[in-house]
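If you count the sequence shown from 1, you need to add 1 to reach my numbering. Every residue, glycine too, gets a C-beta built ideally from N, C-alpha and C.
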Amino acid sequence: MNTGYHLLTVDALDPQVMAAALARCFGVAVADVGVAHADADAELRDWTAPVLCTYDVCFGDLARSLDVYAQHQVADQPAESEVAARFAKAAGTTVLFSAVEAYPSAYWAATPEGLLTRVRLEPSDDEPPLLTVDSAEAPLPQLPHAVVERFAEIVREQRPPSPVAQAFMASAARRWPDDGPHQSLEGPLIVWERLILQMESGWAPSGWYPADLYRERLEARDELARIGAGLPPEVRRLLDDAVAGLDLRFVRATEEDPSGRLVEELTGGRPPGRAGLGRWWYRRPDPAPWEQA
2 MNTGYHLLTV DALDPQVMAA ALARCFGVAV ADVGVAHADA DAELRDWTAP
52 VLCTYDVCFG DLARSLDVYA QHQVADQPAE SEVAARFAKA AGTTVLFSAV
102 EAYPSAYWAA TPEGLLTRVR LEPSDDEPPL LTVDSAEAPL PQLPHAVVER
152 FAEIVREQRP PSPVAQAFMA SAARRWPDDG PHQSLEGPLI VWERLILQME
202 SGWAPSGWYP ADLYRERLEA RDELARIGAG LPPEVRRLLD DAVAGLDLRF
252 VRATEEDPSG RLVEELTGGR PPGRAGLGRW WYRRPDPAPW EQA
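Quick look at the structure:
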């Protein structure tokens, strides 16, 4: 199996440094790594080398773009994140690689010291483009101008599995074969389950959760209560069973907040009357995930 990797480096590495670092990444000899510029004569390359690297020059905050291929004879073919971390340490430079989310600016950065953090990479409209790392979720010594901030859009993009919601929808569809009102329950039930899964995981993988997104999840629970009240009895029982299990897990992952401090935080200090809020508004994760570093 051949595996491809795309890396971006802050430093303008020469081919010898790239070859030595890639050899350490894949556990092969330096002689087994073929490094060439993108404009090099293809006929002069040894395409049988176990590790192939084609590099190009970048402009802006980044200096090199590497397309790396580990061919089938390379026994150790780790994930791109691991290759980036190994390369950063071996070459002594910060390395960027793309994240899985849909946002084109979403990247990870691996530093020589072993830090792995998210960054935003923005290309200019120039030709060739200038590549700017304008923000990061942790300070980067080689990119001191990058603003340190959290990336809320990345957390919103995360979609952990929702087996409880899927099971409910399958059961409801058998009792409501047409596209009945049960369809409007799918979204609120999925996001309520996702909140609980992320809470139980310690807010993985980002390690935090935006306050406005948490509020939206509580509002989704409100919506489940509102819509559920008007369901046919058979479907209402299915929903009650699904939600009861999720609510129990929510209770186990939170603590009571009888003073309503959480409500004040989430509503900007203007909480509605308590009678209009479900009990889930008066339980609090500790610590609140938007307060975590």
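Bridge partners - residue i, DSSP secondary structure assignment
i      : result
LEU198 : DSSP, once it has assigned bridges, lists no residue as partnering LEU198.
GLY5   : TYR70
ARG136 : What sits at residue 136 in the sequence shown is Ser, not Arg. In the DSSP output, where bridge partners are listed per residue, SER136 has ARG121 and VAL148.
THR268 : DSSP, once it has assigned bridges, lists no residue as partnering THR268.
ALA111 : VAL96 and LEU117
GLY203 : Bridge partners of GLY203: none, in fact.
LEU53  : GLY35 and TYR70
Continuous alpha helix (DSSP H) stretch holding residue i: start and end
i      : result
PRO124 : Segment 117-124 is the beta strand (DSSP E) holding PRO124; no alpha helix (DSSP H) there.
SER172 : 164-176
ALA24  : 16-27
VAL156 : 153-158
Residue i and residue j closer than 7 Å at C-beta
i      : j      : result
VAL36  : PRO16  : yes
ASP42  : VAL134 : no
VAL18  : ALA92  : yes
SER136 : ALA147 : yes
GLU114 : TYR6   : no
ARG65  : TYR56  : yes
ARG176 : VAL236 : yes
THR95  : VAL11  : yes
Per-residue DSSP class, three states only, for residue i
i      : result
TRP48  : coil
TRP281 : helix
TRP209 : coil
SER106 : coil
LEU131 : strand
CYS59  : coil
PHE98  : strand
ASP68  : strand
GLU256 : strand
GLY229 : helix
VAL319 : Summary: the structure shown does not reach residue 319, with the chain confined to residues 2 through 294, and so no result is reported for it.
LEU141 : coil
GLU187 : helix
Cβ neighbour criterion (16 or more within 10 Å) applied to residue i
i      : result
TRP109 : buried
TYR104 : exposed
LEU249 : exposed
GLN199 : buried
ASP33  : buried
VAL252 : exposed
GLU194 : buried
GLN282 : A small fix is needed here, since residue 282 is Trp in this sequence, not Gln. Buried: at least 16 other Cβ atoms inside 10 Å.
PRO290 : buried
GLU138 : buried
VAL101 : exposed
MET2   : exposed
Range covered by the beta strand (DSSP E) that runs through residue i
i      : result
VAL236 : First-last for VAL236: 234-253, but that is the alpha helix (DSSP H), not the beta strand (DSSP E).
ALA39  : Taken as a continuous stretch (DSSP letters only), ALA39 belongs to no beta strand (DSSP E), as it is neither H nor E.
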